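Inspection log for the structure reproduced underneath, given as structure tokens.
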């Protein structure tokens, strides 16, 4: 099904809460143990889901956090979203709270997919990154229980200097768990993530090329998050092999912050992404549909010709567009160049991200 990202997002994420028992090194949310008193209430949450249904049939809504299991009404909200025709998925934290009973109840409520974060191929590597001993064991157990309950599994992994060496081992873990998708997130320096070191642009390019090979060889899908130049790398690879169809550079593909992607915070603010915390308004006061379609920030992010620097001059800008979140985090300008991408368009002689 083709979706016009000018009128609806492919992915709408709702951060149910910022409460979480983990203290992950890369946490965007600076998560805390206790729930915020101004979180959306159950009634407000159902109103948000009703509005999201107006995007169109089968709208994908991801329940995220923090740890969404911190909310007592989680099962009720999954069931409600499913009943009104939404495709509801979940990204819980890998803790002992993911019991078999809870997972079975989520399956019965209609959950369409569970995404679990695994950031190292061993307990030591994962647990040190997640800030909780036993997290790896709990996450692997939850992954197997989700599969047993008939819930398709997605594995999310963070790429930074600390974790990049573990990617080959993680590939094996993803395969062994029978996951349907490996979502590889490239660090954006926000929240606790500002204390971590990203990989270099050159290293990111080699990781992208390796991930293209993984996608060709494995039974699971591969996608990147906050690294849309993965699509540019794939197109260049097919062009080099002579297997790419004419016009691929001009096609619109994938999603970026504000263009096919939107994020509702725990207090109802609508952001282009959780990693681009610039509000377009609050869903308590306005329909999420109206905000997504008409907010000036979102309209500008959906215009590839509004991009500046080398991203604005790039012939791949309609299929990539660069990470708007990383551009905002590093320059303060959501339309600026993505510093993680090493590609320089032919003939471009303007400033590079490292030059400001």
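In the working numbering, the protein residues as written are 645 to 1000.
Note that CB positions come from ideal geometry on N, CA and C, so glycine has one too.
Since the structure is predicted, the reported quantities are computational estimates derived from the model, not experimental observations.
DSSP places residue 866 in the strand class (E or B) of the three-state scheme. In the DSSP annotation of this structure, the continuous segment of the beta strand (DSSP E) that includes residue 798 starts and ends at 797 to 803.
Counting of Cβ neighbours within 10 angstroms places residue 777 among the exposed residues, the total staying below 16.
For residue 699, the secondary structure class from DSSP, reduced to helix, strand or coil, is coil. Distance from residue 872 to residue 964 at the Cβ level is roughly 5 angstroms; contact confirmed, criterion being Cβ atoms closer than 8 angstroms. Residue 966 sits away from residue 940, with the two beta carbons spaced by 8 angstroms or more. In the three-state scheme derived from DSSP, where H, G and I count as helix and E and B as strand, residue 903 is classed as strand. A straight line joining the alpha-carbon of residue 828 with that of residue 773 spans about 15 angstroms. Collapsing the DSSP output to three states places residue 908 in a strand. Within the DSSP bridge table, the entry for residue 760 names 799 as partners.
Scanning its chain for C-beta atoms nearer than 6 angstroms, with the 5 sequence neighbours on each side dropped, one finds around residue 935 the residues 914, 924, 925, in chain order. Comparing alpha carbon positions, the residue from 788, 844, 842, 863 closest to residue 819 is 863. Under the rule that a run must span 4 or more residues, the alpha helix (DSSP H) segments found entirely inside the segment 698 to 739 read 718 to 727. Under the three-state reduction of DSSP, residue 742 is assigned to coil, being neither helix nor strand. If you ignore the 5 residues before and after residue 961, its C-beta comes within less than 7 angstroms of the C-beta of 948, 951, 955, all in its own chain and listed in chain order. Excluding sequence positions up to five before and after residue 867, its CB lies within less than 7 angstroms of the CB of 825, 827, all in the same chain and listed in chain order. The beta carbons of residue 726 and residue 700 sit no closer together than 8 angstroms.
Here residue 970 is actually not in contact with residue 877; their C-beta atoms are around 16 angstroms apart, not less than 8 angstroms. Here the C-alpha atom of residue 692 lies approximately 12 angstroms from the C-alpha atom of residue 730.
Residue 857 counts as exposed, since fewer than 16 other beta carbons sit within 10 angstroms of its beta carbon.
The residue among 905, 853, 901 with its C-alpha nearest the C-alpha of residue 884 is 853. Within its own chain, the residues whose Cβ lies closer than 7 angstroms to the Cβ of residue 932, once the five positions on either side in sequence are excluded, are 692, 695, 696, 908, 914, listed in chain order.
According to the DSSP assignment, residue 828 belongs to the beta strand (DSSP E) that extends over 825 to 830. Of the candidates 794, 810, 738, the residue whose Cα lies closest to the Cα of residue 779 is 738. The beta carbon of residue 770 sits closer than 7 angstroms to the beta carbons of 762, 763, 764, 779, 780 from its chain, once the five residues preceding and following it are set aside; these are given in chain order.
Taking C-beta separations shorter than 6 angstroms and ignoring five residues to either side along the sequence, the partners of residue 810 in its chain run 764, 765, 769, following chain order. Residue 939 is not bridged by DSSP to any residue. At the C-beta level, residue 760 and residue 709 stay beyond 8 angstroms of one another. A straight-line Cα-Cα distance of about 33 angstroms links residue 789 and residue 698. With a cutoff of 8 angstroms on beta-carbon distance, residue 978 and residue 968 are scored as near each other. 682 is the residue among 649, 682, 993 whose C-alpha sits nearest the C-alpha of residue 663. Distances from the CA of residue 901 to each of 791, 719, 992, 973 were compared; the closest alpha carbon is that of 973.
In the DSSP assignment, residue 917 is bridged to 920. Residue state for residue 840 is assigned as coil, using DSSP reduced to three classes. Taking a C-beta distance under 8 angstroms as the contact criterion, residue 879 and residue 649 do not qualify as a contact pair.
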